[in-house]
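Have a look at the structure below before the remarks.
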Amino acid sequence: MTRLDTEARTAVIFDPPADIAIPHSRQVAEGFRFHTANVKYLSVIAPSEARRWIETYLPDVSVQDPSVLKSDEFDAIVFTIPRNETKFYVPPFVTQSSNASPKWKWPFLRSRSVASPQVSSLRFYIIDWNGRLSPLAREYDDQDALNMDAHIFNRLSKPEAWGFYYFPYGYLFRYPGMGPLNQFGFRVPDDLSNLKNRAANHKLVLCYGGSTGFSMYTLPHQMYPAVVECALNKKALESGADVKFTVLNFGQHGHVVMNSILTYTLFNYHLKPDFVVGHDGWNDILYGMVQDPRILKDGNVAYQNNLEGWSQILHGTSQLQQTQAETPFRAMGTAPAVLGQYFSRKRQLEAMVEANGGKFIWGLQPNWAGKGRLHPLESANVEAFKSHTPFTEVTQMALPLFERASLQLEKLDVVKVDLYKEFRKYGEDDYLFVDTVHLSPDGDEIVGKAYANVIAGLCGLNKKGFSNEPNRDLSDQSGGRGTNPPPN
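When we follow this note's numbering, the leftmost residue of the sequence shown carries the number 275, and every step to the right adds one.
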């Protein structure tokens, strides 16, 4: 994880624009609370025009006047960026003229005579509109605690803010800044040995999927597996049941079901989880459409398209074309092959889980096209996303396949949660999607409570389902096989 030194004298600067969206403001405030929770020496700084924002979103926080501060009082400076401008963020300088050296907007930083963060002895960070903490204008280093020394493949990779890196079985992915990660990049503790010989009344739930399963735009307490755990333990307490639940998130960016099978086999089989959630669909369909169709048809394998580029590097064959030789990407796989691979691999994972004493829950993740009506922010986010992805055309072609996947799942006699169908009941007042598939904290809460309802039913805990804002039933409350709630 990226972390603030608990002993560092830290200043957090809030200077939000007047037109900042409410969901972004809330998440910046939540990120501030999470990342500074253990910082002992903390100052919050805001100009007078930002005081109302502070009073609204951080009413319990005392604000200091920057005019009476000096930079020598601090070891770390954190800027907050409550909108989607992280990649283009420029530190708050002011310049007297075009020929003058830049000066800090904030007078207390000028006393350090620092031209820019790159040459400062201060450590600079940003908390962005999703609550993510990242270093500003510098590379990650040892203090950022990325588990870089944990094993050889971490050491051989670059300490990047986002990206795939080599591992003998599939790949690993690094996405720091949203809370703790273990040495393999999952949002779980490093040591899980205490779960192997757990008591019979201690139920272990493991959740798999891609970046939507990873819950990349949520903090640890907001991600859907944390919602599942909280809801189940609350339900057990209320019902007087002598049972405890631990829910762990093994979702990872880019994962298809085959990666979930590898993850379960490598890291989780020995834990004998009581329940396994497969929260997926989008990656198997999208990657299946753009990959080598021969591998999909004959090998029944879906894979991430960037792995073809890795093969070029490994073998020195950059002169040979990848399957997708140009952008935008074109659909290569047929619908029967794409959906056949997805459902057969899901059956495989189900068989492995149940042979190991667990119960498998078939989840189908939501996407923006299945939502009833889009929130204005969702519409803007989707359009922005389309402008910088090579998957634009393929994404539109994938939507009918997703609808077919939902219909096919409905016919299966399995324990299921169809979130694609579930999200149809939400409308333009509900901000649930940050882009086409990744969810906001409110979206993850809906997902988490839907899965919790089903697991509670399977454990005999459910007399009344969980609810959240907006106050609706979220999934089949009986935990039965093959049922879904009617749309409101």
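We treat Cβ as the ideally placed atom computed from N, Cα and C, and that holds for glycine.
Annotated as proximal: H527 and F447, with beta-carbon spacing under 8 Å.
With a contact defined as Cβ atoms closer than 8 Å, T601 and E582 miss out at about 14 Å.
In the three-state reduction of the DSSP assignment, V342 falls in the helix class, which pools H, G and I. In this structure, the straight-line span from the alpha carbon of K546 to that of G555 is close to 24 Å.
Per DSSP, G632 lies in no alpha helix (DSSP H) segment and is marked neither H nor E. Only residues of its own chain outside the window of five on either side were considered, and among them G701 and E702 have a CB closer than 7 Å to the CB of R647, listed in chain order. For W636, the three-state secondary structure derived from DSSP is strand. A distance below 6 Å between beta-carbons, with the five flanking residues on each side excluded, links D566 to the following residues of its chain, in chain order: T597. DSSP, reduced to helix, strand and coil, places I400 within a strand of the structure shown.
By a beta-carbon distance limit of 8 Å, M626 does not contact Y725. Their separation comes to about 19 Å. In the structure shown, G437 adopts extended strand secondary structure according to DSSP, grouped into three states. By the neighbour-count criterion, in which a residue is buried when 16 or more other Cβ atoms sit within 10 angstroms of its Cβ, G731 is buried. DSSP places V335 outside both helix and strand once states are collapsed to three, so it counts as coil.
For L681, the enclosing alpha helix (DSSP H) has its first and last residue at T666 to K685.
Closest by C-alpha distance to D558, out of E413, V530 and V575, is V530. Secondary structure at H298: helix, using DSSP grouped into helix, strand and coil. In the DSSP assignment, R448 falls within the beta strand (DSSP E) that extends over Y445 to R448. At a Cβ-Cβ threshold of 8 Å, F659 and T710 count as neighbours.
Between F603 and F665, the beta carbon gap of about 6 Å places them in contact (Cβ cut-off 8 Å).
Straight through space, the alpha carbons of I401 and G459 are spaced by roughly 20 Å. Cβ atoms of V689 and V721 stay farther apart than 8 Å, at about 16 Å. Taken atom to atom, the span from the alpha-carbon of E304 to that of P290 is near 15 Å. The beta carbons of P433 and Y414 sit about 4 Å from each other, so the pair counts as a contact at 8 Å. Between the region 485–498 and the region 710–719, the count of Cβ pairs shorter than 8 Å is three or higher; the stretches touch. Closest in C-alpha terms to K571, from the list Q670, N580, A605 and V612, comes V612. Taking 8 Å as the upper bound for CB-CB distance, A295 and L651 are in contact here, some 6 Å apart.
When the alpha-carbon of D464 is set against those of N523, A474, L673 and L681, the nearest one is in N523. Shown here for L560: same chain residues with a beta carbon closer than 8 Å to its own, the five before and five after excluded, namely F665, V668, T669 and A672 in chain order.
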